[in-house]
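Peer 1: Okay, handing you the structure first.
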Amino acid sequence: MSVLEIKNLHVNVDTDQGTREILRGVDLVINEGEIHAIMGPNGSGKSTLAYTIAGHPKYHVVQGEILLDGENVLEMTVDERARAGLFLAMQYPVEIPGVTVTNFLRTAKTAIDGEAPSVRHWVKDVRESMSNLKMDSAFAERNVNEGFSGGEKKRNEILQLELLKPRFAVLDETDSGLDVDALRIVSEGVNRAKANTGLGIMLITHYTRILRYITPDFVHVFVAGRIAEQGGRELADRLEEEGYDRYQVAEPAVVEAAAE
Amino acid sequence: MTSTAMPTAEQHGFRPHSDGAFVPVQTRSERFRSVNVEDFAPVTGREHEWKLSPVAAFADLTGGELDGSRLEIETTDAAGVDVSWIARDDARIGRAGIPEERAAANAWSSFGEALLVSVSGEDEKVVAVTRHDLGVAPRAAHTVIEAAPNSRGLVVLRGTGDARLSENVEIVVGEGASLTVVSLQEWSDDAVHLASHFARLGRDSFLKHIVVSLGGNVVRVNPSTHLAEQGSDVEALGLYFADAGQHLEQQVFVHHDAPHTRSRVTYKGALQGAGARSVWVGDVLIGNSATGTDSYEQNRNLVLTDGTRADSVPNLEIETGDIEGAGHASATGRFDDEQLFYLMARGIREDEARRLVVRGFLGEIVQKIGSPELEARLSAAVEAELEGR
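So the protein lines, in turn, are chains A and B. The UniProt record's numbering applies: residue 1 is where the first sequence begins, and numbers increase by one. The UniProt record's numbering applies: residue 1 is where the second sequence begins, and numbers increase by one.
Written out as structure tokens, the structure is:
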């Protein structure tokens with residue numbers, strides 16, 4: 001059984017104003033098949049955690065470990081992490097002009113699997129996943145994220161999640177900016193991916209709304225760069241009623257450091 | 001009370017300096033023009049049209065004697081396209097425009113016969129004219145491409161092998177015609193190629209003009225488009241990939257000279273290796289009569305290594321306020337690290353991710369050519385550039 005372990009993680013980020021400490025000792029264990037919701041106010045460091053796991057060069061780990069089945073993730077390059085089975089659904093997916101979705105998906109799948117997918121099955125898989133996510137087939141020939149609406153970009157992220165079949169996925173505010181229909185479609189995609197591959201999921205969100213569609217096994221409240229409280233589903237319900245106010249701490253708030 | 005006089009040139013400061021220096025031309029369409037090389041002073045490299053070019057590398061083409069005999073060409077056959085040679089005094093020569101600088105005038109003064117490519121008929125068709133191994137002696141050429149009213153077609157002018165060539169290409173697009181002209185420079189490493197293209201567009205006609213420069217030591221292709229009649233429309237595209245020591249230049253001019261004309265200019269280039277150099281000058285003039293003009297020009301450069309230089313100079317001159325829109329943009333930059341991160345986060349190795357980004361960046365132009373066969377060939381050529389071949 002696969003396990004993703006985060007131990008005493010401290011992360012700094014370089015800003016124009018100098019180096020800032022964002023994560024201040026995060027401990028978290030995610031087993032295959034588990035869904036962990038990470039909830040917290042803006043600026044608590046949720047996105048920093050996501051990008052650090054994926055290996056974005058802007059974030060510097062100063063202490064702690066990330067282990068995937070005992071392997072040191074921090075020693076891996078960004079692409080090695082993805083090939084080892086980690087996936088980040090981005091909050092702000094970037095546009096890649098001139099690269100079609102079809103070409104991009106095939107290139108990524110070939111890189112992850114170490115060999116090109118069989119044409120017949122691949123075309124069928126892509127078509128089926130796109131249709132499940134209510135994506136028009138014309139999407140395949142559009143350039144990656146170019147001119148996509150916010151909802152289309154998020155669907156495109158979940159499309160990749162379904163096709164690349166990672167062992168662990170970090171979903172960074174996948175719910176933000178989605179209307180209720182898109183939220184339902186995207187959530188169904190995540191549930192389908194879990195049913196098909198049994199992956200472990202770290203679901204980062206500011207709102208409890210998405211938890212109506214994706215049921216977490218664990219809820220962690222993230223405040224000022226560390227986990228302030230954890231519990232089961234019921235913790236999310238309590239947050240919905242009470243908000244994050246009772247976690248307010250004396251330390252100055254850190255800036256939300258999303259990689260944009 | 002004094003009467004209000006019309007403004008004089010002097011009021012705007014357009015007068016000779018007290019030391020007697022000349023007044024530069026103020027409007028793009030009013031530059032000096034002549035078909036006679038003797039009307040231009042010898043090139044020093046300080047002239048505005050030459051100041052970004054390595055003039056010493058081709059003094060033979062601007063100042064020397066040129067061989068004006070027929071070029072060796074290979075053409076493909078297509079129904080509705082006639083390719084023939086015509087005499088230099090033929091009335092079909094000189095309709096689209098005449099030279100604004102000495103290399104073009106030298107070519108015009110020197111060519112013997114002109115190559116005429118006539119496109120007629122409403123079916124889509126493709127014709128390729130390849131000039132291969134033109135030798136190392138300086139030569140002159142003249143080409144006229146004409147599209148009959150309401151005709152459609154795609155003409156490829158391709159250069160490979162050796163060359164020291166100065167040439168003029170006239171493009172005459174008849175009323176309602178839709179023509180694509182691709183100038184494809186795949187010369188060998190030592191080649192020098194200076195070209196001026198002059199296009200004149202008739203009423204409601206459309207020209208897609210594409211300059212692709214990949215090979216050659218110095219390649220300078222300057223297309224001017226005269227949107228002379230109502231409703232004419234030009235899409236001017238360019239793609240270049242400058243390697244170490246290569247100078248690839250294009251000075252693009254679009255003259256909106258009639259109501260409801262439209263232009264889109266998009267040039268994209270990549271630079272790789274020490275001394276790789278690109279020059280893009282984009283001039284758009286919206287004349288007084290060009291009401292309802294819709295115009296946008298842009299240049300993008302992707303710098304892949306240290307030691308390269310990209311000059312990018314967009315100029316916009318507007319003489320009427322009654323237009324739809326006019327914009328210009330230029331950006332020269334290194335790789336977007338966020339694009340690289342996104343691709344690598346999907347398991348794609350760094351070198352492959354970089355190739356994918358460059359291929360995509362230039363592919364945006366390739367995708368617009370409109371000929372699957374040519375697009376595939378150009379994609380392969382870009383691929384070869386990326387692998388340093």
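Virtual Cβ for every residue (Gly too), placed ideally from N, Cα, C.
From the DSSP output, in three-state form, read off valine 357 of chain B for me.
Peer 2: Three-state DSSP puts valine 357 of chain B in a helix.
Peer 1: Given threonine 19 of chain A, which residues of its chain have a CB within under 6 Å of its CB, disregarding the five upstream and five downstream residues?
Peer 2: Excluding sequence neighbours, threonine 19 of chain A sits near Asn12.
Peer 1: Can you name the residues of chain A whose CB is closer than 8 Å to the CB of phenylalanine 361 of chain B?
Peer 2: Per Cβ cutoff of 8 Å: Pro97, Gly98.
Peer 1: Tell me which residue opens and which closes the alpha helix (DSSP H) that isoleucine 323 of chain B is part of.
Peer 2: Per DSSP, isoleucine 323 of chain B belongs to no alpha helix (DSSP H) and is neither H nor E.
Peer 1: Anything in the region 316-350 of chain B with a Cβ closer than 9 Å to a Cβ of chain A? List those residues in chain order, please.
Peer 2: Listed in sequence order: Asp336, Asp337, Glu338, Gln339, Leu340, Phe341, Tyr342, Leu343, Met344, Ala345, Arg346, Gly347, Ile348, Arg349, Glu350.
Peer 1: Spatial neighbours of asparagine 168 of chain B within its chain, please: C-beta separation below 6 Å, excluding the five flanking residues on both sides.
Peer 2: The residues are Ala104, Ala107, Trp108, His142, Ser196.
Peer 1: I'd like the span of the alpha helix (DSSP H) that includes glutamate 241 of chain A, first residue to last.
Peer 2: 233-242 is the extent of the alpha helix (DSSP H) around glutamate 241 of chain A.
Peer 1: Can you tell which of A/Arg83, A/Val29, A/Pro57, A/Gly231 has its C-alpha closest to the C-alpha of aspartate 14 of chain A?
Peer 2: Minimum Cα distance to aspartate 14 of chain A is reached at A/Pro57.
Peer 1: Is histidine 121 of chain A helix, strand or coil by DSSP?
Peer 2: DSSP places histidine 121 of chain A in helix when its eight states are reduced to three.
Peer 1: Check whether the region 91-103 of chain B touches the region 149-165 of chain B, counting contact only when three or more Cβ pairs, one atom from each stretch, lie closer than 8 Å.
Peer 2: Segments in contact, no.
Peer 1: May I ask you to list, following chain order, the residues of the region 219-238 of chain B that have a beta carbon less than 8 Å from some beta carbon of chain A?
Peer 2: Listed by position along the chain: nothing, the set is empty.
Peer 1: Counting only beta-carbon atoms, is glutamine 91 of chain A nearer than 8 Å to chain B?
Peer 2: Closer than 8 Å: no.
Peer 1: Quick check: is the beta carbon of serine 3 of chain B nearer than 8 Å to any beta carbon in chain A?
Peer 2: Residue placement at serine 3 of chain B is poorly supported in this model, since its pLDDT is 49, which falls under 50; the coordinates still yield a value, given next. With 8 Å as the cut-off, serine 3 of chain B does not count as an interface residue toward chain A.
Peer 1: I'd like to confirm something about leucine 163 of chain A: is its beta-carbon nearer than 7 Å to some heavy atom of the ligand NAP, or not?
Peer 2: Ligands are entirely absent from the displayed structure, and the ligand NAP is therefore not among its contents.
Peer 1: Say whether chain B places a C-beta atom closer than 8 Å to the C-beta of leucine 164 of chain A.
Peer 2: Yes, because at least one Cβ of chain B sits closer than 8 Å to the Cβ of leucine 164 of chain A.
Peer 1: Just to confirm before moving on: does the CB-CB distance between arginine 52 of chain B and valine 279 of chain B stay below 8 Å?
Peer 2: Correcting the residue type first, residue 52 of chain B is leucine in the shown sequence and not arginine. Closer than 8 Å, so yes.
Peer 1: Expressed to the nearest angstrom, what Euclidean distance is found between the alpha-carbon atoms of leucine 66 of chain B and valine 173 of chain B?
Peer 2: Spanning the two alpha carbons is a distance of roughly 29 Å.
Peer 1: Compare the C-alpha of glutamate 65 of chain A against each of A/Gln91, A/Trp122, A/Glu5 and name the closest.
Peer 2: For glutamate 65 of chain A, the nearest C-alpha among the options comes from A/Glu5.
Peer 1: DSSP state of arginine 203 of chain B, grouped into three classes?
Peer 2: Three-state DSSP puts arginine 203 of chain B in coil, outside helix and strand.
Peer 1: Out of curiosity, what's the CA-to-CA distance linking glutamine 26 of chain B and leucine 302 of chain B?
Peer 2: Going by the C-alpha atoms only, they are around 32 Å apart.
Peer 1: Taking CB distances under 8 Å as the criterion, tell me whether alanine 82 of chain A reaches chain B.
Peer 2: It does: the Cβ of alanine 82 of chain A has a partner Cβ on chain B nearer than 8 Å.
Peer 1: According to DSSP, is alanine 137 of chain B helix, strand or coil?
Peer 2: The answer is coil: DSSP assigns alanine 137 of chain B none of H, G, I, E or B.
Peer 1: Counting only C-beta atoms, is serine 379 of chain B closer than 8 Å to chain A at any point?
Peer 2: So no, serine 379 of chain B is outside the interface.
Peer 1: Considering only C-alpha positions, which residue in the set B/Phe198, B/Arg31, B/Gly273, B/Pro223 is nearest to threonine 305 of chain B?
Peer 2: With distances taken between Cα atoms, threonine 305 of chain B lies closest to B/Gly273.
Peer 1: So leucine 356 of chain B contacts chain A; which residues on that side make the cut at Cβ distance below 7 Å?
Peer 2: Val99, Thr107, listed in chain order.
Peer 1: Quick one: what's got a C-beta closer than 6 Å to glycine 307 of chain B's C-beta in the same chain, skipping five residues either side?
Peer 2: Result list for glycine 307 of chain B: Ala274, in chain order.
Peer 1: Using a Cβ cut-off of 8 Å (strictly closer), state whether alanine 50 of chain A contacts chain B.
Peer 2: Closer than 8 Å: no.
Peer 1: If I follow the unbroken alpha helix (DSSP H) through glycine 189 of chain A, where does it start and stop?
Peer 2: First-last of the alpha helix (DSSP H) with glycine 189 of chain A: 180-197.
Peer 1: Using DSSP's beta-bridge definition, name the partner residues of serine 213 of chain B.
Peer 2: Answer by DSSP bridge pairing, in chain order: B/Gln185, B/Tyr240.
Peer 1: Which partner residues does glutamine 250 of chain B have in the DSSP bridge list?
Peer 2: Per DSSP, B/Trp280.
Peer 1: How about alanine 137 of chain B and arginine 164 of chain B: do their beta carbons lie closer than 8 Å?
Peer 2: Going by C-beta atoms, alanine 137 of chain B is nearer than 8 Å to arginine 164 of chain B.
Peer 1: Return the first residue and the last residue of the alpha helix (DSSP H) that aspartate 79 of chain A is part of.
Peer 2: Segment 78-84, the alpha helix (DSSP H) holding aspartate 79 of chain A.
Peer 1: Taking Cβ to Cβ, would you say leucine 164 of chain A is nearer than 8 Å to isoleucine 204 of chain A?
Peer 2: Not a contact, by the Cβ cut-off of 8 Å.
Peer 1: Give the C-beta separation of valine 254 of chain B and threonine 225 of chain B to the nearest angstrom, bearing in mind that I take them to be a contact with Cβ-Cβ under 8 Å.
Peer 2: 5 Å between Cβ atoms; contact.
Peer 1: Return yes when the Cβ of histidine 220 of chain A is within less than 8 Å of the Cβ of leucine 68 of chain A, no when it is not.
Peer 2: It is not a contact, given that the beta carbons lie outside the stated cut-off.
Peer 1: Classify proline 372 of chain B: buried if its beta carbon has 16 or more other beta carbons within 10 angstroms, exposed otherwise.
Peer 2: Burial call: exposed.
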